[in-house]
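Engineer: Shown below is the structure under consideration.
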Amino acid sequence: MKVIKKDGHILIADRVMVAQTFWRRLIGLLGRKGLGEREGLLLRPCAGVHCMGMRFPIDAVFLDKNNRVIKTANHLAPGFTACQKGAVAVLELKAGLMKEKNIALGDRLIFIE
Numbered sequence: 001m002k003v004i005k006k007d008g009h010i011l012i013a014d015r016v017m018v019a020q021t022f023w024r025r026l027i028g029l030l031g032r033k034g035l036g037e038r039e040g041l042l043l044r045p046c047a048g049v050h051c052m053g054m055r056f057p058i059d060a061v062f063l064d065k066n067n068r069v070i071k072t073a074n075h076l077a078p079g080f081t082a083c084q085k086g087a088v089a090v091l092e093l094k095a096g097l098m099k100e101k102n103i104a105l106g107d108r109l110i111f112i113e
């Protein structure tokens, strides 16, 4: 799946995995050594993420029902958690990618299968 920032049609990632079951969301990125520049994980439904047992930091983008960014967590380190009331999905990306792609509160993301 691809994810594009609506304003400016900026490609965020084009190898996004989707985790929609309880177990897939719980496992998330555990066991991986990292995320590539164009990789991500979309957790849906989801309002909070954990980095327990992870080997690398991530950027987490919290989305509302309209795929609008309502919170960001930059460089979320292993062992930390983040959550956001009202979020229905979280996009996990390589640490630093949010800054590089200028993802900010209020941005709308488009997901293309």
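Counting from 1, position 6 in the sequence shown corresponds to residue 6 in my numbering; the numbering is continuous, with no gaps.
Using N, Cα and C, we set each Cβ at its ideal position, and we do this for glycine too.
Computed from a predicted structure; not experimentally measured.
#1: Select from Arg55, Leu63, Glu37 and Gly31 the residue whose C-alpha is nearest the C-alpha of Leu97.
#2: In the structure shown, what three-state DSSP assignment does Lys99 receive?
#3: Can the beta-carbon of Ala89 be found closer than 8 angstroms to that of Cys51?
#4: Leaving out five residues on either side along the sequence, give the residues of the same chain with a beta carbon under 6 angstroms from the beta carbon of Ala73.
#5: Spell out whether any CB of chain B is found under 8 angstroms from the CB atom of Leu43.
#6: In angstroms, rounded to a whole number, what distance separates the CA positions of Val16 and Ile112?
#7: Below 8 angstroms between beta carbons: does that hold for Val69 and Ile103?
#8: Assign Lys84 to buried or exposed, taking buried as 16 or more other Cβ atoms, counted over all protein chains shown, within 10 Å of its Cβ.
#9: In three-state DSSP terms, what is Phe111?
Structural biologist: A quick look at the data gives this:
#1: Ranking the options by Cα distance to Leu97, first place goes to Glu37.
#2: In the structure shown, Lys99 falls within a helical segment according to DSSP collapsed to helix, strand and coil.
#3: Not in contact: Ala89 and Cys51 (Cβ atoms no closer than 8 angstroms).
#4: Around Ala73: Ala60 and Ala82.
#5: Looking at the structure shown, chain B is missing, and only one protein chain is on hand.
#6: When only Cα atoms are considered, Val16 and Ile112 end up about 10 angstroms apart.
#7: Val69 is a Cβ neighbour of Ile103, given a cutoff of 8 angstroms.
#8: One detail in the question is off: residue 84 reads as Gln in this sequence, not Lys. Classification of Gln84: buried, given that the 10 Å Cβ count is 16 or more.
#9: The answer is strand: DSSP assigns Phe111 an E or B state.
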